[in-house]
Amino acid sequence: MQNNPRLARLILDQAQRDERDDDWSGREIEIADLLDQAVTTGQSRIDLRNRLVTGTRATNSMIYRDLAEAISESLTDQIRDLDSDIAKLENDLIPSRLVMGTIIGLMLGAFGAVVYGSADVLTAASITIAMVTAFFGVQAYRKRAFAIISTLKGRRTNYDAFRNLLRSDP
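Count along the sequence shown from 1, then add 48; that gives the number in our numbering.
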C-alpha cells in the first residue's frame, strides 16, 4: 500500500499522456511491477481504487468510468495471458506423469529381475540408481511447475478481484 500513491499517479499520468511522448517504456514496466504488489490484498485494492477516484475527480480531465474501463481491459488481457500460461504449464505436466509411471515400472522391473535371478545385482543396482535419479529429477520439475502454476493462479485471482472492484461503483 505504500506504493499506491505512486502507482495511482503513474496510471493517471499515462491516461492523460500525450501520444507523442516516447519516454513511457520504463514507466509501463514500473506500473506493471507496482500493480502486482498493489492488488495482493483487499485493502490495498480498495486503497488504489479510492486514489484513482480521487485523482480523476481532482483533474476533471477524464471520467473515472473511462479510466476504470481502460484498466479493466488491460487486466482482462493480462488474465487471458495468465490463463494461457497456466494451461500450457498444466499440459506440460501430463508427459511427466507418464515418465513417472515408466520410471516406477523400470525400478520394479529391475528389482524383480534380481529377485527371480534373471539379472545380476550390479546391473539391477545400476538401473535402479539411474531410475531413482530420474525419479527425483522429474519430481523436482513437477514441484517447480506446480509452484509456478500456483503463483500464476494467485496473480490471476488478484487481477480479477481488482478488475471487479474497478467495475463496481466507488
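Using N, Cα and C, we set each Cβ at its ideal position, and we do this for glycine too.
Limits of the alpha helix (DSSP H) - the one that residue i falls within
{"i": "Ser166", "result": "Unbroken run through Ser166: none, as it is neither H nor E."}
Pairwise C-alpha distance: residue j and residue i
{"i": "Tyr164", "j": "Gln187", "result": "30 Å"}
{"i": "Ser120", "j": "Arg93", "result": "13 Å"}
{"i": "Leu60", "j": "Ile152", "result": "57 Å"}
{"i": "Met179", "j": "Ala135", "result": "29 Å"}
{"i": "Ser132", "j": "Asn98", "result": "31 Å"}
{"i": "Phe210", "j": "Thr102", "result": "17 Å"}
{"i": "Ala56", "j": "Ile196", "result": "28 Å"}
{"i": "Leu82", "j": "Asp95", "result": "13 Å"}
{"i": "Val169", "j": "Gly149", "result": "23 Å"}
{"i": "Ala158", "j": "Ser166", "result": "10 Å"}
{"i": "Ala161", "j": "Ser122", "result": "59 Å"}
{"i": "Ser198", "j": "Arg145", "result": "18 Å"}
{"i": "Pro143", "j": "Arg215", "result": "40 Å"}
{"i": "Ala80", "j": "Ile111", "result": "22 Å"}
Closest Cα partner of residue i within the set the options
{"i": "Glu138", "options": "Lys191, Leu82, Ser216 and Ile151", "result": "Lys191"}
{"i": "Phe184", "options": "Ser166, Val147 and Ser122", "result": "Val147"}
{"i": "Arg128", "options": "Ser216, Leu213 and Arg204", "result": "Arg204"}
{"i": "Asp125", "options": "Asp208, Arg113 and Ser216", "result": "Asp208"}
{"i": "Gly202", "options": "Phe159, Asp84 and Ile175", "result": "Asp84"}
Cβ of residue i within 7 Å of any chain C Cβ
{"i": "Thr171", "result": "Absent here is chain C; the protein component of the structure consists of one chain."}
Integer-rounded CB distance, given that residue j should sit under 8 Å from residue i
{"i": "Leu141", "j": "Ala193", "result": "6 Å"}
{"i": "Thr88", "j": "Asn212", "result": "Going by Cβ atoms, the distance from Thr88 to Asn212 rounds to 15 Å, so no, they are not a contact pair."}
{"i": "Leu200", "j": "Leu130", "result": "5 Å"}
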